[in-house]
Amino acid sequence: MPLSNSQYDAIIREYHAKQIKNQHMVDNRTKEVYGKDPRLKAIDNAISSCSLVQARRLLGGDVTALPKLRRQLSDFKQQRLDILNELGYSEQYLEPSYECPDCKDTGYIGNERCHCFKQRAIDLVYTQSNIRNILKNENFDTFSYDYYSETQSNPATGLSSLETMQNAVKDCRKFINDFDFSFSNLFFYGDTGVGKTFLSNCVAKELLDTGHSVIYFTAFQLFDIFKRNTFYKATEQDIIAAHQNIFDCDLLIIDDLGTEMPNTFTISQLFLCLNERMLRKKSTIISTNLSIHQVAEIYSERTFSRISSNYVMLKLFGDDIRIQKKLR
């Protein structure tokens, strides 16, 4: 991610704060259980002592030191667990509680930035943090079929609005479940207020929760970034970095395609973005109020061909949910 030194330092400070908070929690809990049973402190001291003794023997060439250490540690850990269980604690009570167990809240796995660091950089650089608050309210747990009619049907498919949305949710679930194993993209289209953005947010929430990097833009925001990087004195390095993030994130969501002012620049940039992500096997979700015919007419047959042949096309229909909520 294209971070300045101050931005990088700010993120690292956040990780340090998490580590300190975790250490304080472990220290306080350790002090608590030691007070309830002093044997636990004696066992922990014995573990430290035997580890040091056996390490010295191992360095001195004693080949029996390592298996002996393993046996001793196993015995001590079992004694420790038995006492904790007697006191009503789980073994995990004295372990740190990491927000990201993959990197243990360090931000790095080996020499590589963890997925949580990458997403934090995305949040910082593209001011995406607000999407976290939106996803608290717009996710599969809060999704409702109540706004979709069982009688209103699509003449082209014969399916009701409710059946159409049920099928769309199944497709989204499949997209999520297969995300790490097969390359796929989603294209939501239909009238205003039928749940396209909500469904995109449901998918985003599931993938963020499983450690994937997600960037969300309205079409206007996406093209504005391309425009600023191209026309407003951005350095070549900044342009490359910004484009790399958009091209490389695990999931890119382009919401409300068609609400921007289409022109030769936006049309070419959309093709570039979609084509590059397909070449890299990076998934994209697009939502639009435009019809299929309008998409082809506005963004060119070439772009539409890429979409129609590489995206799962999901047409949603029904009454505007926003209006329904106001009338209830």
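Mapped onto the working numbering, the consecutive letters of the sequence shown carry residue numbers 64 to 391.
Each residue gets a CB set at the ideal place from its N, CA and C atoms; glycine is no exception.
Determine the direct distance from the alpha carbon of residue j to that of residue i, and round the result to whole angstroms.
i: Leu-320; j: Asn-230; result: 23 Å
i: Phe-286; j: Leu-379; result: 25 Å
i: Phe-180; j: Ile-74; result: 8 Å
i: Thr-293; j: Cys-336; result: 14 Å
i: Glu-162; j: Glu-269; result: 16 Å
i: Phe-206; j: Tyr-374; result: 23 Å
i: Ser-160; j: Lys-167; result: 9 Å
i: Arg-133; j: Glu-154; result: 19 Å
i: Asn-338; j: Val-96; result: 58 Å
i: Met-64; j: Gln-387; result: For Met-64, the predicted model reports a pLDDT of 47, less than 50, meaning its position is unreliable; a value from the coordinates is still stated below. The straight-line gap from Cα to Cα measures roughly 41 Å.
i: Thr-329; j: Glu-323; result: 8 Å
i: Leu-147; j: Pro-101; result: 12 Å
i: Val-232; j: Val-277; result: 19 Å
i: Asp-204; j: Arg-236; result: 13 Å
i: Leu-129; j: Arg-176; result: 33 Å
i: Gln-215; j: Tyr-362; result: 31 Å
i: Ile-400; j: Met-228; result: Nothing about residue 400 can be reported from this structure: the residues present for the chain run from 64 to 391 only.
i: Ala-219; j: Val-266; result: 27 Å
i: Glu-360; j: Arg-291; result: 26 Å
i: Ser-112; j: Lys-131; result: 13 Å
i: Tyr-279; j: Asn-91; result: 40 Å
i: Asp-234; j: Asp-107; result: 52 Å
i: Asn-68; j: Thr-93; result: 37 Å
i: Asp-72; j: Asp-138; result: 43 Å
i: Ile-110; j: Asp-125; result: 19 Å
i: Thr-273; j: Phe-289; result: 29 Å
i: Asp-145; j: Tyr-152; result: 10 Å
i: Ser-372; j: Glu-364; result: 12 Å
i: Pro-81; j: Arg-369; result: The question names Pro, but residue 81 in the sequence shown is Lys. One C-alpha to the other measures close to 44 Å.
i: Leu-262; j: Phe-242; result: 16 Å
i: Arg-340; j: Ser-331; result: 14 Å
i: Phe-238; j: Phe-244; result: 10 Å
i: Gln-182; j: Gln-284; result: 18 Å
i: Gln-141; j: Gln-135; result: 10 Å
i: Asp-165; j: Ile-83; result: 18 Å
i: His-87; j: Asn-217; result: 59 Å
Are residue i and residue j close, meaning C-beta to C-beta below 8 Å?
i: Leu-315; j: His-275; result: no
i: Lys-311; j: Lys-344; result: It should be noted that the sequence gives Asp, not Lys, for residue 311. No. Outside cutoff.
i: Gln-70; j: Leu-187; result: yes
i: Leu-377; j: Phe-246; result: no
i: Glu-348; j: Leu-249; result: First, the amino acid is wrong: residue 348 is Ile here, not Glu. Taking 8 Å as the Cβ cut-off, Ile-348 and Leu-249 qualify as a contacting pair.
i: Thr-281; j: Asp-318; result: yes
i: Val-89; j: Leu-150; result: no
i: Leu-103; j: Arg-143; result: yes
i: Leu-390; j: Thr-366; result: no
i: Gly-173; j: Tyr-78; result: no
i: Asn-264; j: Glu-201; result: yes
i: Ile-185; j: Asn-308; result: yes
Between which two residues does the alpha helix (DSSP H) harbouring residue i extend?
i: Phe-334; result: 327 to 342
i: Thr-347; result: Thr-347 -> not in any alpha helix (DSSP H); beta strand (DSSP E) instead, spanning 346 to 351.
i: Met-324; result: Met-324 -> no alpha helix (DSSP H), and no H or E assigned at all.
i: Leu-379; result: Run containing Leu-379: none in the alpha helix (DSSP H); it sits in the beta strand (DSSP E), 375 to 379.
i: Asn-68; result: 68 to 99
i: Leu-222; result: Taken as a continuous stretch (DSSP letters only), Leu-222 belongs to no alpha helix (DSSP H), as it is neither H nor E.
i: Leu-390; result: 384 to 390
At least one CB of chain B closer than 8 Å to the CB of residue i: is that the case?
i: Lys-140; result: The chain inventory of the structure shown lacks chain B, comprising one protein chain alone.
Using 7 Å as the cut-off, classify the Cβ of residue i as near or not near the heavy atoms of the ligand MG, replying yes or no.
i: Gln-307; result: The model depicted lacks the ligand MG and carries no ligand whatsoever.
Enumerated in chain order, which unbroken segments of the alpha helix (DSSP H) with a length of 4 residues or greater are wholly contained in the stretch 234 to 284? Entirely contained in the stretch 234 to 284, the alpha helix (DSSP H) runs reaching 4 residues are, in chain order, 259 to 272.
Contact the stretch 256 to 265 vs the stretch 202 to 219: 3+ CB pairs below 8 Å: Yes, the stretch 256 to 265 touches the stretch 202 to 219.
At least three beta-carbon pairs within less than 8 Å, the stretch 218 to 225 to the stretch 348 to 364: In short, these stretches do not touch, since the Cβ pair count stays below three.
With a cut-off of 8 Å, do at least 3 Cβ pairs link the stretch 104 to 122 to the stretch 195 to 208? Touching, no.
Runs of alpha helix (DSSP H) lying entirely within the stretch 114 to 170, each at least 4 residues, in chain order: Entirely contained in the stretch 114 to 170, the alpha helix (DSSP H) runs reaching 4 residues are, in chain order, 128 to 150.
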